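**Student:** Residue numbers for the sequence shown follow the UniProt record's numbering, beginning at 1 and rising by one. Even for Gly, the Cβ is constructed at its ideal location relative to N, Cα and C. Note that the structure is predicted; figures quoted are calculated from it, not measured.
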Amino acid sequence: MKIPVGNFGQQIAQPGPRPDIPRGAFIDGTAQGMAAGGEKLAGIGMQLLNQQREQEDLANTMGAEKKLADWSMGALFDPQKGAFSTKGKAAMGITTPTVEAFDRQVEDISQGLTSQSQKATFQRIALSRRMQLQGQLASHEQQESQTYAKGELNGLMQTSINSAALQFNDPEAVRKETSRAVGALTAFAQGHGWSPEQLDAAIQKQRSDVLSAVAERMIQADPSRGLSFVQKNMDQFDAADGTRLMNVATNTMESRMRLSLANEARADRIREKQDKLRAQNAAKAGDLLWTQGSLTPEWIEQNRNTLDPSDYRYFQNKLLDGSPERTDAMVYTNLRDRLANGDDISDDARDALRLGLLKTDDFNRLSTIQEKGSQAGEVPSVYKRGVGYIRGALRVSDLNPDPAAAQRQASALNDWDDWIQANPNASDSDAQQTYQRIVRDYQLTDAMESSLVKPMPSYAVGSRRDMDVDATAQATVQAFLDKHGGDQQAALADPEFQRQAALIEQWRLIIEQQRARAASQGNRNERR
């Protein structure tokens, strides 16, 4: 038979012949299938119900376990109330109350479970956690108990050390404290399972600590006695303690010795300073008596033990010698220069006085300046400026010192001292004018003295006292023009003319200074 072709050229299958089914057979088959399906559905329903119950049991059990775990964490680790926050003696016996609280918590949580299965499962979990909790608490309690016991032992050992140190002067008390500490160590060792070697080491350490504390107190009180104690008991110390204590005792003895020597030296310096001050005051009193004409042999003998030996001989010689005093200008100038530089010249000035190189007045002047200069704020700055100006203007050569120049400088400085004392409140401008005037006066004196020895120009007009400088210059020029036939250039280039010209200028300066000095002297006479 030909198979027809449908849309798109596809073949369409033709239905076959129907089977021949008896009339009651369909109804019987359907009933049997339905019964089997019902049983199957009932089984599936029971399975689903059991799964739902298991999931509910698991969820409730897990929730209960979480509650118990949270409570356990807080009971152990809470910073304020947790069992692990308790330390030392407070941790002893913490296991029992914590486990009892755990049991109560388990009971409370169990009441919230809805089935026996859930409760049975939770009880197994709680039992495991209880055993874990007990182990943790017991370990903590044991650790803290040992820590507490060690702390108590250490405290007892330190108390024994301190007590022995406080009674270091009583050997019997030290022995008792050592024995008490050894007994405590022995008891502790027996209770904590120490080996004999551990106990021996601990006893040796404690004995060394006790004797070290005693030795340190002895060294502080008496280094020599402490050193003897350390040497005597060297076998009782640890090696490190023995070496340390030997060093401490030796260093302390050396330090005390250095301090003693320093104190003695300081006392000697104070005595020397006081003796020197008394000697200086006595010498000043003697100088005053001499200037007043009241120095007597009786006074010198009464102050013999107070005066410096040199001053004693000096005053004796003053009475025996009667010759007038003098001041060596070079010595005085040198002392003034050193004084201006801030040096202490008191001893050297006194020596110069004893040797007859200073007059008493000049010595007293230097001493006064020295005393004022040593007191802050006593010497006015204007006085220092005046001294510096005079020293610079009337300088004495270091290479070729001139006694006359030294005398001029010393006299100028004395004039300046006298003016300052008479005018303590003078203004800076008045003081400046004064020390400049003093320098000019002494420079004029130098010029006058120079005119007596300086050679005269070859063509001088007049004498040394009344030379006409301008006429001398004209005569000199004319003489050299005549010498060179009127050749001015040749005359000026002549070396002898140049020498004569320089000499004329020196005389011109000398004469001007003499005239200025005469005018200044006349003005002072008029003011008087």
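Quick one: grab the DSSP three-state call for PRO495.
**Tutor:** Working through the sequence shown from its first residue, we reach residue 495 at position 495. DSSP places PRO495 in helix when its eight states are reduced to three.
**Student:** Kindly indicate which three-state DSSP category PHE168 falls into: helix, strand or coil?
**Tutor:** Residue 168 sits at position 168 when you count from the first residue of the sequence shown. Three-state result, PHE168: coil.
**Student:** Suppose the cutoff is 8 Å on Cβ atoms and the five residues either side in sequence are ignored; what does the same chain contact list for ASP57 look like?
**Tutor:** The residue you call residue 57 lines up with position 57 of the sequence shown. These residues qualify, in order along the chain: SER115, SER117, GLN118 and THR121.
**Student:** Ordered along the chain, which non-local residues of its own chain (more than five positions away) have a Cβ less than 6 Å from that of ARG336?
**Tutor:** As a position in the sequence shown, residue 336 is number 336, starting the count at 1. Contacts found: LEU413.
**Student:** State the start and end residues of the unbroken alpha helix (DSSP H) segment that holds ALA282.
**Tutor:** One-based indexing of the sequence shown puts residue 282 at position 282. Taken as a continuous stretch (DSSP letters only), the alpha helix (DSSP H) holding ALA282 covers 239-292.
**Student:** Quick one: give me the first and last residue of the alpha helix (DSSP H) that PRO297 is part of.
**Tutor:** Numbered from its first residue, the sequence shown carries residue 297 at position 297. First-last of the alpha helix (DSSP H) with PRO297: 297-302.
**Student:** Specify the secondary structure class of TYR332 as computed by DSSP and reduced to three states.
**Tutor:** Your numbering for residue 332 matches position 332 in the sequence shown. Looking at TYR332 - three-state DSSP - the assignment turns out to be helix.
**Student:** Determine the direct distance from the alpha carbon of GLU264 to that of ALA406, and round the result to whole angstroms.
**Tutor:** Here residue 406 corresponds to residue number 406 of the sequence shown, with the count starting at 1. Here residue 264 corresponds to residue number 264 of the sequence shown, with the count starting at 1. Approximately 46 Å, taken between the alpha carbons.
**Student:** Might you give, ordered along the chain, the residues of its own chain that have their beta carbon closer than 8 Å to the beta carbon of ASN162, omitting 5 neighbours on each side?
**Tutor:** Mapped onto the sequence shown, residue 162 falls at position 162. Cβ neighbours of ASN162 beyond the five flanking positions: ALA213.
**Student:** Could you pull out every residue in the same chain whose Cβ sits closer than 8 Å to the Cβ of ASP428, ignoring the five residues on either side in sequence?
**Tutor:** In the sequence shown, counting from the first residue as 1, residue 428 sits at position 428. Within the same chain, ASP428 has close Cβ partners VAL382.
**Student:** Starting from GLU216, trace the alpha helix (DSSP H) in both directions and tell me its first and last residue.
**Tutor:** Sequence index remark: in the sequence shown, residue 216 carries index 216 (1-based). From DSSP, the alpha helix (DSSP H) with GLU216 extends over 196-221.
**Student:** Would a C-beta distance cut-off of 7 Å place TYR312 and ARG354 closer than the cut-off?
**Tutor:** As a working note, residue 312 is residue 312 in the sequence shown. As a working note, residue 354 is residue 354 in the sequence shown. Not a contact, by the Cβ cut-off of 7 Å.
**Student:** Is PRO223 closer than 7 Å to ARG256 when the C-beta atoms are compared?
**Tutor:** Taking the sequence shown and counting its residues from 1, one reaches residue 256 at position 256. Taking the sequence shown and counting its residues from 1, one reaches residue 223 at position 223. It is a contact, given that the beta carbons lie within the stated cut-off.
**Student:** Can you find the residues in the same chain that come closer than 8 Å, C-beta to C-beta, to ALA493, ignoring five residues on each side of it along the sequence?
**Tutor:** Within the sequence shown, the letter at position 493 stands for residue 493. Within the same chain, ALA493 has no close Cβ partners at all.
**Student:** Starting from THR86, trace the alpha helix (DSSP H) both ways and give me its first and last residue.
**Tutor:** Start at 1 with the first residue of the sequence shown, and residue 86 comes out as number 86. Element bounds for THR86: n/a, residue is neither H nor E.
**Student:** Determine whether the beta carbon atoms of MET467 and ALA473 lie at a separation below 7 Å.
**Tutor:** Indexing the sequence shown from 1 puts residue 467 at position 467. Indexing the sequence shown from 1 puts residue 473 at position 473. It is not a contact, given that the beta carbons lie outside the stated cut-off.
**Student:** Report buried or exposed for ALA164, applying the criterion of at least 16 other Cβ atoms within 10 angstroms of its Cβ.
**Tutor:** In the sequence shown, counting from the first residue as 1, residue 164 sits at position 164. Classification for ALA164: buried.
**Student:** Buried or exposed for ALA282, please, with buried defined as at least 16 other CB atoms from any protein chain shown within 10 angstroms of its CB.
**Tutor:** Working through the sequence shown from its first residue, we reach residue 282 at position 282. Buried, because 16 or more other Cβ atoms sit within 10 Å of the Cβ of ALA282.
**Student:** Around the C-beta of LEU357, are 16 or more other C-beta atoms found within 10 angstroms, so that it is buried, or is it exposed?
**Tutor:** Here residue 357 refers to the residue found at position 357 of the sequence shown. Classification of LEU357: buried, given that the 10 Å Cβ count is 16 or more.
**Student:** Considering only residues of the same chain and omitting the five flanking positions on each side of MET92, which have a CB-CB separation below 8 Å?
**Tutor:** On the sequence shown, residue 92 is found 92 positions in, with the first residue counted as 1. Cβ within range, chain order: GLU141, GLU144, SER145 and TYR148.
**Student:** Please state whether DSSP places TYR314 in a helix, a strand or coil.
**Tutor:** Here the question's residue 314 lines up with position 314 in the sequence shown. Helix at TYR314.
**Student:** Between the stretch 203-212 and the stretch 173-186, can you find at least three pairs of beta-carbon atoms closer than 8 Å?
**Tutor:** Judged by Cβ distances under 8 Å, the stretch 173-186 makes contact with the stretch 203-212, as three or more pairs qualify.
**Student:** Indicate the three-state DSSP secondary structure (helix, strand or coil) for THR472 in the structure shown.
**Tutor:** Position 472 of the sequence shown holds residue 472. Three-state result, THR472: helix.
**Student:** If you follow the alpha helix (DSSP H) that ALA426 is in, where does it begin and where does it stop?
**Tutor:** Here residue 426 refers to the residue found at position 426 of the sequence shown. Per DSSP, ALA426 belongs to no alpha helix (DSSP H) and is neither H nor E.
**Student:** So is THR112 buried or exposed if we call it buried at 16+ other beta carbons inside 10 Å?
**Tutor:** Translated into the one-based positions of the sequence shown, residue 112 becomes position 112. Checking the displayed sequence, the identity of residue 112 turns out to be Gly instead of Thr. So GLY112 ends up on the exposed side.
**Student:** Pull up the CB-CB distance for ILE109 and ALA75, whole angstroms please, since I reckon it's below 8 Å.
**Tutor:** As a first step, residue 109 is located in the sequence shown; it is residue number 109 there, counting from the start. As a first step, residue 75 is located in the sequence shown; it is residue number 75 there, counting from the start. Between ALA75 and ILE109 the Cβ distance is about 14 Å, and since that is not below 8 Å, they are no contact.
**Student:** Identify the continuous alpha helix (DSSP H) that holds GLU107 and give its terminal residues.
**Tutor:** Indexing the sequence shown from 1 puts residue 107 at position 107. Note, GLU107: alpha helix (DSSP H), 95-110.
**Student:** Whose C-alpha, out of GLU172, MET157 and PHE77, is nearest the C-alpha of LEU137?
**Tutor:** Position 137 of the sequence shown, counted from the start, is the residue given in the question as residue 137. It is PHE77.
**Student:** Could you tell me whether the Cβ atoms of residue 563 and THR360 are closer together than 7 Å?
**Tutor:** Since the displayed the chain opens at 1 and closes at 528, residue 563 lies outside it and no answer follows.
**Student:** Given that a residue counts as buried once 16 or more other Cβ atoms are within 10 Å of its Cβ, and exposed if not, what is GLN204?
**Tutor:** Position 204 of the sequence shown, counted from the start, is the residue given in the question as residue 204. Its Cβ having fewer than 16 others within 10 Å, GLN204 is exposed.
**Student:** Mapping the DSSP letters down to three states, classify ASN7 as helix, strand or coil.
**Tutor:** Numbered from its first residue, the sequence shown carries residue 7 at position 7. Caution applies to ASN7, whose pLDDT of 46 falls short of 50 and renders its modelled position unreliable; the model cannot decide the point.
**Student:** Would you kindly check if the distance between the Cβ of ALA187 and the Cβ of ILE219 is under 7 Å?
**Tutor:** As a first step, residue 219 must be located in the sequence shown, where it is residue number 219. As a first step, residue 187 must be located in the sequence shown, where it is residue number 187. For ILE219 and ALA187, no; Cβs fall outside 7 Å.
**Student:** Would a C-beta distance cut-off of 7 Å place TYR435 and ILE369 closer than the cut-off?
**Tutor:** On the sequence shown, position 435 is the one that residue 435 refers to. On the sequence shown, position 369 is the one that residue 369 refers to. Result no, Cβ atoms of TYR435 and ILE369 do not sit closer than 7 Å.
**Student:** Assign ALA349 to buried or exposed, taking buried as 16 or more other Cβ atoms, counted over all protein chains shown, within 10 Å of its Cβ.
**Tutor:** As a first step, residue 349 is located in the sequence shown; it is residue number 349 there, counting from the start. Buried, by the Cβ-count rule.
**Student:** Does the beta-carbon distance from ARG395 to TYR442 come in below 7 Å?
**Tutor:** For the purposes of this step, residue 395 is taken as the residue at position 395 of the sequence shown. For the purposes of this step, residue 442 is taken as the residue at position 442 of the sequence shown. Not closer than 7 Å, so no.
**Student:** What's the C-alpha gap between GLY388 and ILE420?
**Tutor:** Within the sequence shown, numbered from 1, the residue matching residue 388 stands at position 388. Within the sequence shown, numbered from 1, the residue matching residue 420 stands at position 420. Each residue's alpha carbon lies about 14 Å from the other.
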